[in-house]
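Have a look at the structure below, then the notes.
2 protein chains.
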Amino acid sequence: MSKKYNPLSVVFLGGVGEIGKNLTAIKYGEEILIVDCGSTFPSLETPGVDLIIPDFSYLKEHKDNIVGLVVTHGHEDHIGAIPYLVQEIPNIPIYGSNLALAIVDHKLKEKKQTAKLNVVEAGDKIKLGSFEVEFLQVAHSIIGAFALAINTPHGLIFHTGDFKIDYTPIGNSKPVDISTFARIGNRGVTLMLGESTNVEKPGTTISEKHVGKTMDKIFMANQDKRIIIATFASNVNRIQQIIKIAEKSGRKVAFSGRSMINICEMALDMDLINMDRKNLVEIEHIKDYPKEQTCIISTGSQGEPMSALTRMGLGIDKVVVEEGDLIVISSSAIPGNEKAIYTVINNLYKRGAKVMYGSLEELHVSGHACREELKMMLSLIRPKFFIPVHGEYRHLKQHAKLAQDLGIPEDHIAIAKIGDEIEIKAKKMQLIDDAIPSGAMFVDGHGKVSHEIIKERRQLSSEGVIVVVCKVNRVTKTLSDDILIKTKGIDVTEEMIDEIKIYAMKAFSSLELQDHAFDEEKFSQACAKKIMKRLDKLTTQKPVVIPIVMDDEKGLYE
Amino acid sequence: MSKKYNPLSVVFLGGVGEIGKNLTAIKYGEEILIVDCGSTFPSLETPGVDLIIPDFSYLKEHKDNIVGLVVTHGHEDHIGAIPYLVQEIPNIPIYGSNLALAIVDHKLKEKKQTAKLNVVEAGDKIKLGSFEVEFLQVAHSIIGAFALAINTPHGLIFHTGDFKIDYTPIGNSKPVDISTFARIGNRGVTLMLGESTNVEKPGTTISEKHVGKTMDKIFMANQDKRIIIATFASNVNRIQQIIKIAEKSGRKVAFSGRSMINICEMALDMDLINMDRKNLVEIEHIKDYPKEQTCIISTGSQGEPMSALTRMGLGIDKVVVEEGDLIVISSSAIPGNEKAIYTVINNLYKRGAKVMYGSLEELHVSGHACREELKMMLSLIRPKFFIPVHGEYRHLKQHAKLAQDLGIPEDHIAIAKIGDEIEIKAKKMQLIDDAIPSGAMFVDGHGKVSHEIIKERRQLSSEGVIVVVCKVNRVTKTLSDDILIKTKGIDVTEEMIDEIKIYAMKAFSSLELQDHAFDEEKFSQACAKKIMKRLDKLTTQKPVVIPIVMDDEKGLYE
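Right, here's the structure in full:
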């Protein structure tokens with residue numbers, strides 16, 4: 003007699019069909035294990051929004067069944083939404099590497115929150131309900147990155163996390179242990195969730211070590227210059243390389259930008275960065291040293307609006323960029339950030355600095371596996387079922403195709419979308435729900451911003467706003483023809499003003515007031531609708547119309 | 003005794019410090035020769051704007067002295083603003099290639115305008131006032147592209163236009179005649195204006211012929227599929243190559259997208275595209291043929307909002323994309339368009355199509371000279387003075403450095419900005435004015451949109467709008483505390499509403515009404531200012547505040 007098992011399923015709440023805000027729930031019976039809880043950055047399409055996080059409705063509904071949250075690493079798209087999750091569901095135990103959890107802890111402290119943070123190391127196995135999670139070291143653009151081998155009563159689920167294959171990592175990272183993946187594969191993997199970020203890129207990624215070699219050359223060739231390097235604050239290995247080279251060439255080092263200072267302080271405390279502390283200077287004091295004996299490591303490599311590098315370009319930073327400075331941008335542009343980065347580069351050039359950037363030289367390497375590495379991982383793991391994750395639709399599709407080329411049958415591969423629950427059975431995967439409450443939540447400094455508000459802002463931005471003040475006498479049931487119009491973000495012609503008045507009147511007369519009392523809300527809606535429709539027809543403009551109803555009981559305006 | 007010459011200068015009205023809206027005025031004495039009159043595309047930072055054009059104030063002021071407008075080629079950034087210039091200054095004679103002027107003519111007709119259009123051919127010389135302009139054929143991503151050798155009483159000005167070196171051009175283009183440039187160089191060039199678009203790219207561009215080879219392979223490998231190729235409508239040579247290959251493989255061809263249809267019809271009429279007309283099918287009828295025997299050439303390679311390819315992705319186009327279709331995007335992303343293009347690609351994948359894109363294969367080659375070609379041109383022309391054009395600041399700076407490396411003295415090189423007038427003297431160049439009226443004009447379907455309006459829209463979009471209705475009794479000089487508040491694009495808390503009321507009251511009491519009459523305008527300004535300041539301090543939000551003043555003479559609301 004076989005033991006009765008509960009069903010096993012995966013609920014996708016973020017990170018599929020998009021790059022960012024990764025959030026996956028693995029469900030065995032009622033038990034839920036969460037993998038990652040990331041945020042994504044707003045764009046010009048979400049004006050006034052500071053952060054985009056996943057919708058937690060599903061997790062809140064099942065909060066008593068959550069056995070834990072495991073984080074693969076400390077990047078924002080994997081941990082950025084944790085403070086918001088903790089706010090809603092305070093008691094989830096969280097597991098991750100020392101650096102990842104130090105970053106989480108910092109975020110929580112900023113919001114005066116606490117959570118149950120449990121540091122794990124590569125090789126650790128923890129039991130969370132019916133799940134046993136083994137943390138496997140992978141190389142990535144941050145220290146303390148894990149793949150996960152999650153044992154369930156239905157067999158192993160292998161989650162790659164974000165990874166690359168780096169045979170010659172630097173700093174504190176051990177070389178990637180391919181035999182570990184082979185061991186996992188040999189145990190037999192029921193389901194693999196594989197990251198897809200670089201599936202469009204052929205070949206293999208370049209080792210982080212190459213960036214060190216490039217930096218070495220740059221420091222040698224620019225001994226007469228102050229060197230300012232912008233890179234990702236979380237890329238502790240790269241920062242360690244830069245510091246070593248700076249120290250070797252007799253330079254003092256300063257960190258610039260809030261997140262650079264925070265993360266580097268953590269990394270120093272945790273011995274993830276090794277340096278002679280007397281070479282470390284606060285950014286305020288770096289100008290006291292001869293320029294050519296200093297090196298500044300800065301945020302802003304994505305052209306972020308108020309980052310250190312952007313401020314340097316604008317001449318409003320503590321660090322005043324001048325002729326004779328060398329600025330090295332050690333990153334590649336995240337799609338959508340290109341224009342902002344180029345603006346910063348133009349500004350730095352205008353201040354007389356020399357700027358190195360782009361893919362010409364090996365100033366940056368990716369942290370994500372390219373096609374050959376993805377193939378290697380699939381070949382080592384040889385999963386029964388495969389679901390590509392961490393990618394826009396085209397990435398997922400191409401990763402699925404790759405898996406198919408490697409021999410996984412088409413019906414053993416699924417492309418998931420946010421809101422899907424896929425059940426893993428002995429012989430097949432099955433989409434059992436495609437409408438799990440999910441999606442994006444917008445957050446600004448004051449909390450959540452509704453989708454409705456964002457929609458209004460977008461309309462306001464492209465077409466402006468027209469305020470229409472109508473004076474209504476509720477007793478005589480009349481609308482005064484003295485209608486007042488104010489606008490912002492749109493120029494209205496005399497013709498438009500006349501039309502607005504006519505259509506406000508039409509809205510009023512459509513109300514059938516002879517039988518009913520005047521309903522302000524109803525009138526406002528009809529008024530806005532009619533005017534918008536008319537202006538669209540007349541001028542193809544669709545401004546936001548705000549009707550204001552004023553009482554005119556005493557016939558004040560007649 | 004030497005003849006008395008007038009001064010020679012160049013006035014930069016667009017296309018320096020930016021890529022787009024090229025407009026240069028070359029001035030000898032009072033005479034003005036205009037080179038190009040381009041537009042640039044709006045971004046999310048200019049909401050609701052359809053087109054950005056140069057400020058024509060300077061040209062309007064000197065309109066009686068304009069001897070002509072010469073256009074280097076028919077791309078939007080070189081001709082897109084001509085209808086707006088013609089509207090302001092109707093009688094300027096315009097000179098350019100047959101294709102460039104056909105595109106201009108089409109634009110003018112759309113606006114029911116006419117202009118004096120004069121077609122010139124490569125090798126033609128025309129006399130315009132004291133200037134003699136020779137049109138020299140260059141290779142570019144459009145047929146009929148010229149460099150200009152402009153003879154002036156102070157010697158030759160050489161303007162490269164947009165160019166690349168293509169030893170194996172296709173279609174109707176003759177191979178680039180390097181000896182022509184050598185001849186110009188041997189005549190002695192006083193000033194060279196050189197395009198800088200690709201100065202960041204090492205080496206040389208790839209010949210357009212390579213794209214044909216790639217397309218050949220793609221057609222061979224996909225004989226069972228309908229093939230849809232998106233590219234720039236103006237790249238007539240590429241379209242010619244695609245048509246040839248389609249015809250060879252027995253496919254019917256249809257054009258999709260307004261500009262593709264327009265330009266291809268012109269090119270067919272002008273014999274710039276050669277094909278068997280019976281292979282050309284209207285887009286509405288292409289579905290009547292077996293799919294694998296058809297090829298659609300479409301607009302939308304930049305992910306433009308309502309373009310044919312974007313509509314196909316959304317499933318709202320005449321062409322219904324399905325499983326088994328192959329879509330080839332033969333372009334590279336113009337910075338800023340990446341996200342839009344990826345969205346289109348994701349949508350096409352979701353419809354089951356196979357999509358080829360990106361730089362992996364030679365699906366596209368640039369039309370702009372890379373570093374080695376720029377060096378060759380500078381070496382052939384050997385100008386006395388050099389001003390890099392067509393580039394953002396970093397491009398101009400790098401091109402200037404290149405010229406310096408090739409032996410042009412630093413003080414013979416100038417980096418210009420929009421609004422600069424640089425005089426060319428025998429021994430030096432001199433900035434004689436840096437504040438020529440100039441800049442960007444925003445245009446939408448209804449005409450010009452002011453910078454103020456755009457500023458308002460940006461503020462509306464990031465923070466929303468608050469309408470504050472205040473009832474004022476002008477006789478008793480009192481403000482009713484019954485203040486009405488309406489919002490769009492922002493959520494206001496009870497606390498914010500209270501503060502808004504308090505600060506409206508403060509604005510009112512600051513007016514010193516005991517001695518003066520109530521001034522509605524003054525109050526509105528003070529009210530908006532005080533409320534905005536308070537909300538910023540309280541919540542860091544900066545919504546647009548629109549105060550509305552209502553008369554409360556009879557104490558209606560007390």
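Protein chains in written order, with the numbering used here: chain A, 3 to 560; chain B, 3 to 560. Where a beta carbon is used, it is the ideal one built from N, C-alpha and C, also for glycine. All values derive from a computational prediction rather than experimental measurement.
Buried or exposed (CB count within 10 angstroms, at least 16 for buried), residue i
i: Q400(B); result: buried
i: G557(A); result: Interpretation of G557(A) is limited by its pLDDT of 47, a score under 50 that renders its predicted location unreliable; no figure is taken from the coordinates.
i: K6(B); result: exposed
i: R240(A); result: buried
i: E560(A); result: The predicted model places E560(A) with a pLDDT of 38, which falls under 50 and marks its position as unreliable; any figure quoted below should be read in that light. Answer is exposed; the Cβ neighbour count stays below 16.
i: E423(B); result: buried
i: I180(A); result: exposed
i: G190(B); result: exposed
i: S511(B); result: exposed
i: M3(B); result: Bear in mind that the predicted position of M3(B) carries a pLDDT of just 42, short of 50, making it too unreliable to give a figure here.
Under the three-state DSSP convention, the category residue i falls into
i: S99(B); result: coil
i: R476(A); result: coil
i: K427(A); result: coil
i: N120(A); result: strand
i: L513(B); result: coil
i: T216(A); result: helix
i: D126(A); result: coil
i: Y7(A); result: coil
i: Y344(A); result: helix
i: T489(B); result: strand
i: Y359(A); result: coil
i: I502(A); result: helix
i: E394(B); result: coil
i: F520(B); result: coil
i: G16(B); result: strand
i: R228(A); result: strand
i: K29(B); result: strand
Listed by chain order, chain B residues near residue i by CB distance under 7 Å
i: V471(A); result: I550
i: V467(A); result: L462, V467, K490
i: R536(A); result: Per Cβ cutoff of 7 Å: no residues; R536(A) is ~15 Å from chain B at best.
i: T2(A); result: Nothing can be reported for residue 2(A), as the shown portion of chain A is limited to 3 through 560.
i: K399(A); result: Y351
i: P337(A); result: E340, K341, Y344
i: V238(A); result: Neighbours of V238(A) on chain B: none; closest Cβ ~28 Å, over 7 Å.
i: D49(A); result: With the sequence shown as reference, residue 49(A) is identified as Pro, and Asp is not the correct amino acid for it. In chain order: S463, S464.
i: V546(A); result: K490
Amino acids of chain B, ordered along the chain, whose beta-carbon sits closer than 8 Å to that of residue i
i: E458(A); result: G466, K490, G491
i: P390(A); result: The contacting residues do not exist; P390(A) stays about 13 Å from chain B at best.
i: I499(A); result: Correct list: empty, because the minimum Cβ distance to chain B is about 15 Å.
Contact set between residue i and chain A, taken where Cβ atoms lie within less than 8 Å
i: R396(B); result: Y344, I347, N348, Y351, V357
i: Y455(B); result: The sequence as given places Ile at residue 455(B); Tyr does not occur at that position. By Cβ distance, chain A contributes G466, G491, I492, D493.
Exercise. For the stretch 53-93 of chain B, which segments carrying the beta strand (DSSP E) assignment without a break, of at least 3 residues, lie completely within its bounds, in sequence order?
Worked result: 53-56, 68-72
Exercise. Which ranges would you report for the beta strand (DSSP E) in the stretch 154-208 of chain B if only whole runs of at least 3 residues count?
Worked result: 157-161, 191-197
Exercise. Do the stretch 115-125 of chain A and the stretch 16-31 of chain A meet, that is, are 3 or more Cβ pairs less than 8 Å apart?
Worked result: no
Exercise. Is the stretch 352-361 of chain B close to the stretch 382-397 of chain B, with three or more CB pairs under 8 Å?
Worked result: no
Problem set entry | Complete runs of the beta strand (DSSP E) confined to the stretch 410-471 of chain B [at least 3 residues] | 423-426, 431-435, 442-446, 449-451
Problem set entry | Length-filtered (4 minimum) alpha helix (DSSP H) runs lying within the stretch 243-307 of chain A | 260-271
Exercise. Do the stretch 434-451 of chain B and the stretch 462-478 of chain B make contact, defined as three or more Cβ pairs closer than 8 Å?
Worked result: no
Problem set entry | Inter-stretch contact (C-beta, 8 Å, three-pair minimum) for the stretch 449-459 of chain B and the stretch 42-51 of chain B | yes
Exercise. If you pair each beta-carbon of the stretch 270-283 of chain B with each one of the stretch 223-242 of chain B, do three or more pairs fall below 8 Å?
Worked result: yes
For this session: Take every Cβ of the stretch 540-555 of chain B, pair it with every Cβ of the stretch 482-502 of chain A, and state whether three or more of those distances are shorter than 8 Å.
Result: yes
For this session: For the stretch 223-235 of chain B and the stretch 427-434 of chain B, state whether three or more C-beta atom pairs, one from each stretch, are separated by less than 8 Å.
Result: no
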